[in-house]
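Numbered by the numbering used here, the letters in the sequence shown go through residues 602 to 934 in order. The next block holds one structure in the form of C-alpha cells; read it before the comments.
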Amino acid sequence: MDDDWEHIAKRKGGVIMGDWTLQSVTAARGQKAHGHVYAPGLSSPLPVFLIHGVEDGPTVVVQGGIHGCEYTSVDAALQIGRKLQPEQVKGRVLVLPIANPDSFYARSIYVHPLDNKNLNRQFPGDATGTASQQLARFLFEEAYSQADALLDLHGGDMIEALVPFSIYTVSGNEELDTKAREMADVFGIKYVIADTGQVMGATDSAMAQAGKLAVIAEAGQQGILSSEWSQQLQDGVWNVLRWLGVIEGDVKPTETQLLHEFDWYRAEEAGLWYPSIGIGEKVKAGQEIGCICDEFGEPLHRYHAKADGTALFIVTSLAINRNDPLLALGDAE
Ligand SMILES: [Zn+2]
Numbered sequence: 602m603d604d605d606w607e608h609i610a611k612r613k614g615g616v617i618m619g620d621w622t623l624q625s626v627t628a629a630r631g632q633k634a635h636g637h638v639y640a641p642g643l644s645s646p647l648p649v650f651l652i653h654g655v656e657d658g659p660t661v662v663v664q665g666g667i668h669g670c671e672y673t674s675v676d677a678a679l680q681i682g683r684k685l686q687p688e689q690v691k692g693r694v695l696v697l698p699i700a701n702p703d704s705f706y707a708r709s710i711y712v713h714p715l716d717n718k719n720l721n722r723q724f725p726g727d728a729t730g731t732a733s734q735q736l737a738r739f740l741f742e743e744a745y746s747q748a749d750a751l752l753d754l755h756g757g758d759m760i761e762a763l764v765p766f767s768i769y770t771v772s773g774n775e776e777l778d779t780k781a782r783e784m785a786d787v788f789g790i791k792y793v794i795a796d797t798g799q800v801m802g803a804t805d806s807a808m809a810q811a812g813k814l815a816v817i818a819e820a821g822q823q824g825i826l827s828s829e830w831s832q833q834l835q836d837g838v839w840n841v842l843r844w845l846g847v848i849e850g851d852v853k854p855t856e857t858q859l860l861h862e863f864d865w866y867r868a869e870e871a872g873l874w875y876p877s878i879g880i881g882e883k884v885k886a887g888q889e890i891g892c893i894c895d896e897f898g899e900p901l902h903r904y905h906a907k908a909d910g911t912a913l914f915i916v917t918s919l920a921i922n923r924n925d926p927l928l929a930l931g932d933a934e
C-alpha cells in the first residue's frame, strides 16, 4: 500500500521520488534544507541540515554537541552545514550541529540534564529507556543507520583541558578497522587512539558493531569557542569527505601518531583536585600526576602514572566528585 511504503520510507529517512526526508525537513536531489526535527528524549527541537547531492554516493553524518558544552565541536559542525553545497556533493550529508540541544542550553557538563546520563555511553540506545537512551536510539535509527560513515565531533568539556586527538574502535573486523584507521589518519589530528577497550555505548563502538565507519574527533576545551580548533575539526571533515569521494579534490597528506593505550584516571573520593602535570606533557611511569586533597588541604590520594604516556586531557575543576574523570594518558606502547 502506498501509505505503508511512504511511512516506511520516511521512517528510514529513505528516498521518496528523489527527496530525502527527515520528518518535516526535505531536500530534493541537488538541494539543501535545514530545520528542526522532534526526537524522543529531548525537550528542545533538534536542528538538522540535509545536503542532498545530485549524483549518488555515500551518506555521511557530521555531528557536534553530543556533549553540550563542547562548543568548538558545535561551531565546526554548524560551519560545515552552512558551507557545504549540494552541487559539490556526491551522495548525502546529514549535519547535526547540536546533537543534544537540552545539554547545550542547560550548559550541562558530561550528561543529559533530563536523566543525568552520559549520552555517549547509551548507543545504540533504547526506545523505552530514559531520556538519553531514547535520544540515542533516535539518533542511531534515524541518522547513523542510514550513514556509511559518522564523523562525531567532540572536545574538552567545560572543565577539561585537552590536546586534540581522535579515536576509532578496533572491533576485530579487520577490513572495517583498517578503513576506520585510515579515516582517522585522513582526518589529520596528530594523535590517533586505536581504542580496543571499546567504551560501551559510545558512537564509534556502536557504529563499528553495526559494520560502519566512525571516528570521534576531539579539539577545543574548557567552554571556550576557539576558531583555531574549530578550523582544525572542519579541515578534518573536508579531508574525509574528499577521501570518501563525497566532494572532489585531492586528499591532503597528514601525519599522525597511533596510540594504543588510553588510560583514564578517576577520582577515588571527592575533594579538591590538584593536577601536577600540564596538558600535552609527556610523563614517565611512576611519576606523580596529581593529588586530591581534603577541604583543609591535606592530601587524601596521590596519583601516579601507571605507564609512560602523554596527557591528552586533564580535568581543570578544583571541585571533584567520586568517580569523576581526572585525566587520561595516551601512549604508543
Ligand atoms: Zn564529548
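All C-beta atoms, glycine included, are put in the ideal place defined by N, C-alpha and C. Predicted model, so just to flag it, every value in this text is computed and none were measured.
{"Check": "Euclidean distance between Cα positions of residue 625 and residue 873", "Outcome": "49 Å"}
{"Check": "Residue 717 beta carbon near ligand 1 (any heavy atom closer than 7 Å)", "Outcome": "no"}
{"Check": "Residue 666 to residue 863 span [Cα, whole Å]", "Outcome": "22 Å"}
{"Check": "Heavy atom of ligand 1 within 7 Å of residue 794 beta-carbon", "Outcome": "no"}
{"Check": "Cut-off 8 Å between Cβ atoms - residues of its own chain near residue 792, not counting five sequence neighbours on either side", "Outcome": "764, 765, 766, 767, 857, 858, 860, 911, 913, 931"}
{"Check": "Among 696, 892, 907, the one whose alpha carbon lies nearest that of residue 919", "Outcome": "892"}
{"Check": "Alpha-carbon to alpha-carbon, residue 839 and residue 777", "Outcome": "21 Å"}
{"Check": "Candidates 898, 934, 869, 907: closest to residue 923 by CA position", "Outcome": "869"}
{"Check": "Cα-Cα separation, residue 884 to residue 929", "Outcome": "11 Å"}
{"Check": "Residue of 769, 771, 758, 845 minimising C-alpha distance to residue 823", "Outcome": "758"}
{"Check": "Candidates 901, 915, 806, 831, of which the one nearest residue 724 by Cα", "Outcome": "806"}
{"Check": "Meets three-Cβ-pair contact criterion under 8 Å: the segment 818-833 and the segment 673-691", "Outcome": "yes"}
{"Check": "Continuous alpha helix (DSSP H) stretch holding residue 673: start and end", "Outcome": "672-684"}
{"Check": "Neighbour-count burial assignment, residue 654, 16 or more Cβ in a 10 Å radius", "Outcome": "buried"}
{"Check": "Backbone secondary structure at residue 639 - three-state DSSP", "Outcome": "coil"}
{"Check": "According to DSSP, residues forming a beta bridge with residue 767", "Outcome": "793, 818"}
{"Check": "7 Å Cβ shell around residue 612 - same chain, five flanking residues per side excluded", "Outcome": "With a pLDDT of 43 at residue 612, under the threshold of 50, the modelled position of that residue is not reliable, and the figure given next carries that caveat. Closer than 7 Å at the Cβ level, and outside the excluded window around residue 612, lies no residue."}
{"Check": "Residue 755 CB to nearest heavy atom of ligand 1 below 7 Å", "Outcome": "yes"}
{"Check": "Classification of residue 713 by the beta-carbon crowding that lies within 10 angstroms, buried from 16 upward", "Outcome": "buried"}
{"Check": "Closer than 7 Å: residue 713 CB and nearest ligand 1 heavy atom", "Outcome": "no"}
{"Check": "Unbroken stretches of the alpha helix (DSSP H), 4 residues or longer, contained in the segment 818-888", "Outcome": "828-844"}
{"Check": "Distance between residue 640 and residue 772 (C-alpha atoms, nearest Å)", "Outcome": "29 Å"}
{"Check": "Heavy atom of ligand 1 within 7 Å of residue 924 beta-carbon", "Outcome": "no"}
{"Check": "Own chain, CB closer than 6 Å to residue 700, minus 5 neighbours either side, in chain order", "Outcome": "664, 666, 667"}
{"Check": "Distance cut-off 7 Å: residue 671 Cβ against heavy atoms of ligand 1", "Outcome": "yes"}
{"Check": "Where residue 721 falls, given that 16 or more other Cβ within 10 Å makes a residue buried", "Outcome": "buried"}
{"Check": "Bounding residues of the alpha helix (DSSP H) (the contiguous stretch that carries residue 777)", "Outcome": "775-788"}
{"Check": "Among 808, 657, 711, the one whose alpha carbon lies nearest that of residue 752", "Outcome": "808"}
{"Check": "Where the beta strand (DSSP E) through residue 659 begins and ends", "Outcome": "656-664"}
{"Check": "Range covered by the alpha helix (DSSP H) that runs through residue 904", "Outcome": "Residue 904 -> not in any alpha helix (DSSP H); beta strand (DSSP E) instead, spanning 900-905."}
{"Check": "Among 903, 814, 802, 705, nearest to residue 737 - alpha-carbon criterion", "Outcome": "802"}
{"Check": "Cβ neighbours of residue 644 in the same chain (closer than 8 Å, five flanking residues each side left out)", "Outcome": "703, 715"}
{"Check": "8 Å Cβ cutoff, residue 831 in contact with chain B", "Outcome": "Any reference to chain B falls outside this structure, which holds one protein chain only."}
{"Check": "Boundaries of the alpha helix (DSSP H) in which residue 705 is found, first to last residue", "Outcome": "702-707"}
{"Check": "For residue 928, the residue or residues it bridges with in DSSP", "Outcome": "866, 915"}
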